[in-house]
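For reference, the structure is listed below as C-alpha coordinates.
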Amino acid sequence: MADNIARVFADAIATDPTRPLLTWYDDATGERTELSGATCANWVAKTANLLVDEVGLGPGDRAAVLLPPHWQTAAVLLGCWSAKLTVVGDPGDVDVLFAAASRVDEAARWSAGDRYALALDPFALPMRQVPAGFTDFVSAVRGHGDHYTPYPRGGEGDAALLARAQARGAELGLVQGDRVLIDVTAHPDPVDWLLAPLLAGATLVLCANPDPARLPARAGSEKTTRTLR
1 MADNIARVFA DAIATDPTRP LLTWYDDATG ERTELSGATC ANWVAKTANL LVDEVGLGPG
61 DRAAVLLPPH WQTAAVLLGC WSAKLTVVGD PGDVDVLFAA ASRVDEAARW SAGDRYALAL
121 DPFALPMRQV PAGFTDFVSA VRGHGDHYTP YPRGGEGDAA LLARAQARGA ELGLVQGDRV
181 LIDVTAHPDP VDWLLAPLLA GATLVLCANP DPARLPARAG SEKTTRTLR
(Lines of atoms letter the chains of each structure in order from A and count residues from 1; the text may use other names and numbers.)
(Lines give C-alpha, C1' and ligand atoms only; values in the text may rest on other atoms or scores of the structure.)
Protein backbone atom coordinates (compact mmCIF):
# COMPACT_ATOMS: atom_id res chain seq x y z
CA MET A 1 0.00 0.00 0.00
CA ALA A 2 1.19 3.55 -0.72
CA ASP A 3 2.70 5.36 2.25
CA ASN A 4 3.34 8.71 0.56
CA ILE A 5 0.46 11.14 0.01
CA ALA A 6 2.43 13.23 -2.48
CA ARG A 7 3.01 10.09 -4.59
CA VAL A 8 -0.69 9.18 -4.43
CA PHE A 9 -1.57 12.64 -5.77
CA ALA A 10 1.08 12.43 -8.50
CA ASP A 11 -0.22 9.02 -9.57
CA ALA A 12 -3.79 10.36 -9.65
CA ILE A 13 -2.93 12.91 -12.32
CA ALA A 14 -0.17 11.07 -14.20
CA THR A 15 -2.35 9.31 -16.80
CA ASP A 16 -3.94 12.50 -18.15
CA PRO A 17 -3.21 15.79 -16.35
CA THR A 18 -5.69 17.60 -18.61
CA ARG A 19 -8.78 15.66 -17.52
CA PRO A 20 -11.05 17.09 -14.80
CA LEU A 21 -9.79 15.85 -11.45
CA LEU A 22 -11.89 17.92 -9.07
CA THR A 23 -15.16 19.69 -9.83
CA TRP A 24 -16.67 21.83 -7.09
CA TYR A 25 -20.32 22.85 -6.69
CA ASP A 26 -22.00 24.94 -4.02
CA ASP A 27 -25.74 25.01 -4.51
CA ALA A 28 -26.10 27.81 -1.95
CA THR A 29 -24.09 30.18 -4.15
CA GLY A 30 -24.48 28.61 -7.59
CA GLU A 31 -20.73 28.13 -7.84
CA ARG A 32 -19.15 25.59 -10.17
CA THR A 33 -15.37 25.34 -10.45
CA GLU A 34 -13.63 22.65 -12.49
CA LEU A 35 -9.95 21.90 -12.03
CA SER A 36 -7.86 19.61 -14.19
CA GLY A 37 -5.14 17.51 -12.65
CA ALA A 38 -2.56 19.99 -13.93
CA THR A 39 -4.37 22.95 -12.40
CA CYS A 40 -4.73 21.15 -9.08
CA ALA A 41 -1.03 20.31 -9.20
CA ASN A 42 -0.16 23.98 -9.76
CA TRP A 43 -2.14 25.05 -6.69
CA VAL A 44 -0.61 22.26 -4.61
CA ALA A 45 2.91 23.18 -5.77
CA LYS A 46 2.38 26.87 -5.04
CA THR A 47 1.16 25.99 -1.54
CA ALA A 48 4.12 23.70 -0.86
CA ASN A 49 6.55 26.33 -2.15
CA LEU A 50 4.91 28.95 0.06
CA LEU A 51 5.38 26.72 3.09
CA VAL A 52 8.97 25.80 2.30
CA ASP A 53 10.39 28.98 0.71
CA GLU A 54 8.43 31.74 2.46
CA VAL A 55 7.54 30.25 5.83
CA GLY A 56 10.65 28.07 6.08
CA LEU A 57 8.93 24.86 7.12
CA GLY A 58 9.89 21.25 6.49
CA PRO A 59 9.29 17.63 7.45
CA GLY A 60 7.74 17.21 10.87
CA ASP A 61 6.52 20.79 11.24
CA ARG A 62 2.86 21.14 12.16
CA ALA A 63 -0.09 22.76 10.40
CA ALA A 64 -3.66 23.49 11.45
CA VAL A 65 -6.28 23.64 8.70
CA LEU A 66 -9.54 25.26 9.86
CA LEU A 67 -11.25 25.01 6.51
CA PRO A 68 -14.43 23.33 5.27
CA PRO A 69 -14.42 20.97 2.31
CA HIS A 70 -13.56 23.08 -0.75
CA TRP A 71 -11.28 22.89 -3.77
CA GLN A 72 -8.94 25.42 -2.13
CA THR A 73 -8.90 23.26 0.99
CA ALA A 74 -7.74 20.37 -1.16
CA ALA A 75 -4.83 22.51 -2.40
CA VAL A 76 -3.90 23.53 1.15
CA LEU A 77 -4.02 19.98 2.51
CA LEU A 78 -2.14 18.43 -0.39
CA GLY A 79 0.39 21.27 -0.26
CA CYS A 80 0.99 20.64 3.43
CA TRP A 81 1.35 16.91 2.88
CA SER A 82 3.66 17.46 -0.12
CA ALA A 83 5.94 19.58 2.09
CA LYS A 84 5.80 16.74 4.65
CA LEU A 85 4.00 18.78 7.28
CA THR A 86 1.83 17.05 9.85
CA VAL A 87 -1.76 18.35 9.78
CA VAL A 88 -3.10 18.25 13.33
CA GLY A 89 -6.67 18.50 14.56
CA ASP A 90 -6.39 19.39 18.25
CA PRO A 91 -5.71 23.00 19.33
CA GLY A 92 -2.17 23.67 20.45
CA ASP A 93 1.17 24.85 19.10
CA VAL A 94 1.56 24.72 15.32
CA ASP A 95 3.98 26.27 12.86
CA VAL A 96 1.36 27.48 10.39
CA LEU A 97 -2.40 27.88 10.46
CA PHE A 98 -4.93 28.21 7.64
CA ALA A 99 -8.43 29.44 8.47
CA ALA A 100 -11.57 30.28 6.55
CA ALA A 101 -12.64 33.88 7.01
CA SER A 102 -15.68 32.61 8.90
CA ARG A 103 -13.49 30.69 11.38
CA VAL A 104 -10.70 33.12 12.25
CA ASP A 105 -12.08 33.49 15.78
CA GLU A 106 -11.31 29.80 16.37
CA ALA A 107 -7.66 30.49 15.62
CA ALA A 108 -7.27 32.05 19.07
CA ARG A 109 -7.19 28.49 20.42
CA TRP A 110 -4.00 27.80 18.47
CA SER A 111 -0.50 29.20 18.85
CA ALA A 112 0.82 29.57 15.32
CA GLY A 113 3.91 31.16 13.85
CA ASP A 114 2.22 32.13 10.57
CA ARG A 115 -1.50 32.52 9.89
CA TYR A 116 -3.26 32.57 6.52
CA ALA A 117 -6.92 33.43 5.93
CA LEU A 118 -8.99 32.19 3.00
CA ALA A 119 -12.15 33.82 1.72
CA LEU A 120 -12.86 30.74 -0.44
CA ASP A 121 -13.97 33.08 -3.20
CA PRO A 122 -15.48 31.32 -6.26
CA PHE A 123 -12.87 32.97 -8.50
CA ALA A 124 -10.02 32.73 -5.97
CA LEU A 125 -9.94 36.51 -5.65
CA PRO A 126 -7.91 38.14 -2.86
CA MET A 127 -9.70 39.12 0.33
CA ARG A 128 -11.07 42.66 0.43
CA GLN A 129 -10.39 42.91 4.16
CA VAL A 130 -7.78 40.67 5.75
CA PRO A 131 -8.37 39.82 9.42
CA ALA A 132 -5.85 41.28 11.84
CA GLY A 133 -2.92 38.96 12.44
CA PHE A 134 -3.48 37.04 9.19
CA THR A 135 -2.05 37.07 5.67
CA ASP A 136 -4.33 36.58 2.68
CA PHE A 137 -3.53 33.11 1.38
CA VAL A 138 -4.51 33.75 -2.24
CA SER A 139 -2.36 36.89 -2.51
CA ALA A 140 0.60 35.15 -0.88
CA VAL A 141 0.45 31.87 -2.79
CA ARG A 142 0.10 33.26 -6.31
CA GLY A 143 3.70 34.46 -6.44
CA HIS A 144 5.16 31.02 -5.85
CA GLY A 145 6.29 28.46 -8.43
CA ASP A 146 3.99 26.06 -10.26
CA HIS A 147 6.29 23.09 -9.70
CA TYR A 148 7.44 21.41 -6.52
CA THR A 149 9.45 18.23 -6.03
CA PRO A 150 8.33 16.50 -2.83
CA TYR A 151 10.71 14.69 -0.54
CA PRO A 152 11.07 11.06 -1.68
CA ARG A 153 9.76 9.61 1.56
CA GLY A 154 6.31 10.11 3.04
CA GLY A 155 5.70 12.60 5.79
CA GLU A 156 5.11 11.74 9.41
CA GLY A 157 1.73 10.05 9.63
CA ASP A 158 1.30 9.53 5.86
CA ALA A 159 1.15 5.74 6.15
CA ALA A 160 -1.49 5.78 8.91
CA LEU A 161 -3.61 8.35 7.09
CA LEU A 162 -3.45 6.43 3.82
CA ALA A 163 -4.33 3.19 5.63
CA ARG A 164 -7.47 4.93 6.87
CA ALA A 165 -8.18 6.18 3.35
CA GLN A 166 -7.73 2.72 1.84
CA ALA A 167 -10.08 1.17 4.39
CA ARG A 168 -12.61 3.94 3.86
CA GLY A 169 -12.43 3.61 0.09
CA ALA A 170 -13.19 -0.10 0.41
CA GLU A 171 -16.16 0.67 2.68
CA LEU A 172 -17.50 3.16 0.14
CA GLY A 173 -16.92 0.78 -2.77
CA LEU A 174 -14.59 3.12 -4.68
CA VAL A 175 -12.67 1.63 -7.58
CA GLN A 176 -10.18 2.73 -10.23
CA GLY A 177 -11.80 4.95 -12.84
CA ASP A 178 -14.79 6.01 -10.71
CA ARG A 179 -16.06 9.57 -10.99
CA VAL A 180 -17.63 10.16 -7.60
CA LEU A 181 -20.33 12.68 -6.72
CA ILE A 182 -19.85 13.47 -3.02
CA ASP A 183 -22.13 15.45 -0.72
CA VAL A 184 -19.41 17.07 1.38
CA THR A 185 -21.98 18.24 3.91
CA ALA A 186 -22.55 14.57 4.78
CA HIS A 187 -18.89 13.63 4.27
CA PRO A 188 -16.81 16.50 5.73
CA ASP A 189 -13.77 14.37 6.60
CA PRO A 190 -11.01 14.87 3.96
CA VAL A 191 -10.32 11.16 4.16
CA ASP A 192 -13.79 10.67 2.60
CA TRP A 193 -13.92 13.53 0.11
CA LEU A 194 -10.26 13.71 -0.93
CA LEU A 195 -7.84 10.97 0.08
CA ALA A 196 -9.97 7.83 -0.31
CA PRO A 197 -11.07 8.74 -3.86
CA LEU A 198 -7.56 9.77 -4.94
CA LEU A 199 -6.05 6.60 -3.52
CA ALA A 200 -8.68 4.54 -5.35
CA GLY A 201 -7.89 6.26 -8.63
CA ALA A 202 -11.21 8.15 -8.78
CA THR A 203 -12.01 11.70 -9.83
CA LEU A 204 -14.16 14.01 -7.72
CA VAL A 205 -17.37 15.98 -8.07
CA LEU A 206 -17.82 17.71 -4.71
CA CYS A 207 -21.13 19.31 -3.75
CA ALA A 208 -21.68 21.64 -0.82
CA ASN A 209 -25.20 22.49 0.35
CA PRO A 210 -26.60 20.16 -2.32
CA ASP A 211 -30.09 20.64 -3.67
CA PRO A 212 -31.47 17.07 -3.85
CA ALA A 213 -33.56 17.99 -6.86
CA ARG A 214 -30.46 18.87 -8.85
CA LEU A 215 -28.36 15.82 -8.06
CA PRO A 216 -29.77 13.37 -10.63
CA ALA A 217 -29.21 15.79 -13.51
CA ARG A 218 -25.77 16.67 -12.16
CA ALA A 219 -24.81 13.02 -11.98
CA GLY A 220 -25.78 12.71 -15.62
CA SER A 221 -24.02 15.84 -16.86
CA GLU A 222 -20.85 15.03 -14.91
CA LYS A 223 -20.97 11.38 -15.98
CA THR A 224 -20.45 10.20 -12.42
CA THR A 225 -20.38 6.49 -11.60
CA ARG A 226 -21.10 6.67 -7.89
CA THR A 227 -22.86 9.04 -5.47
CA LEU A 228 -21.98 9.41 -1.78
CA ARG A 229 -24.72 11.12 0.22
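Quick note: the sequence shown, position 107, residue 107 per my numbering, numbers continuous. Where a beta carbon is used, it is the ideal one built from N, C-alpha and C, also for glycine.
Decide if residue i is buried, meaning its Cβ has at least 16 other Cβ atoms within 10 Å, or exposed.
| i | result |
| --- | --- |
| Thr29 | exposed |
| Pro212 | exposed |
| Leu125 | exposed |
| Pro59 | exposed |
| Leu72 | Going by the sequence as given, residue 72 is Gln instead of Leu. Answer is buried; the Cβ neighbour count reaches 16. |
| Phe98 | buried |
| Asp183 | buried |
| Ser221 | exposed |
Ends of the beta strand (DSSP E) at residue i?
| i | result |
| --- | --- |
| Thr86 | Thr86 to Val88 |
| Asp26 | Pro20 to Asp26 |
| Ala208 | Thr203 to Ala208 |
Is residue i near the ligand HEM, in the sense that its beta carbon is under 7 Å from a heavy atom of that ligand?
| i | result |
| --- | --- |
| Thr23 | Looking at this structure, you won't find the ligand HEM or any other ligand, since it has none at all. |
Closest by CA to residue i, which one among the options?
| i | options | result |
| --- | --- | --- |
| Ala202 | Asn4, Arg19, Asp3 and Leu78 | Arg19 |
| Ala12 | Arg32, Ser36 and Glu31 | Ser36 |
| His187 | Val96, Pro152, Gly220 and Pro68 | Pro68 |
| Pro17 | Cys40, Thr185, Asp121 and Gly143 | Cys40 |
| Leu50 | Val96, Val87, Thr15 and Gly133 | Val96 |
| Arg218 | Arg32, Thr47, Val76 and Thr15 | Arg32 |
Give the range of the alpha helix (DSSP H) segment to which residue i is assigned.
| i | result |
| --- | --- |
| Asp158 | Asp158 to Leu172 |
| Leu198 | Ala196 to Ala200 |
Legend entry - Completely contained alpha helix (DSSP H) runs for the segment 99-154, where each covers 4 or more residues: Uninterrupted alpha helix (DSSP H) stretches at least 4 residues long and entirely within the segment 99-154 occur at 137-141, given in chain order.
Inset, instruction - Assess, as a yes-or-no matter, whether the segment 206-221 is touched by the segment 25-44 under the definition of 3 or more beta carbon pairs within less than 8 Å. - result: By the Cβ rule, the segment 25-44 counts as touching the segment 206-221, because three or more pairs are nearer than 8 Å.
Legend entry - Contact the segment 158-165 vs the segment 117-133: 3+ CB pairs below 8 Å: Taking a contact to require three or more Cβ pairs closer than 8 Å, the segment 158-165 and the segment 117-133 do not qualify as touching.
Legend entry - In chain order, each alpha helix (DSSP H) run of at least 4 residues that lies wholly inside the segment 24-82: Fully contained in the segment 24-82 are the following alpha helix (DSSP H) runs of length 4 or more, in chain order: 37-49 and 71-82.
Legend entry - Validate contact between the segment 3-10 and the segment 172-180 using beta carbons, cut 8 Å, 3 pairs: Judged by Cβ distances under 8 Å, the segment 3-10 makes no contact with the segment 172-180, as fewer than three pairs qualify.
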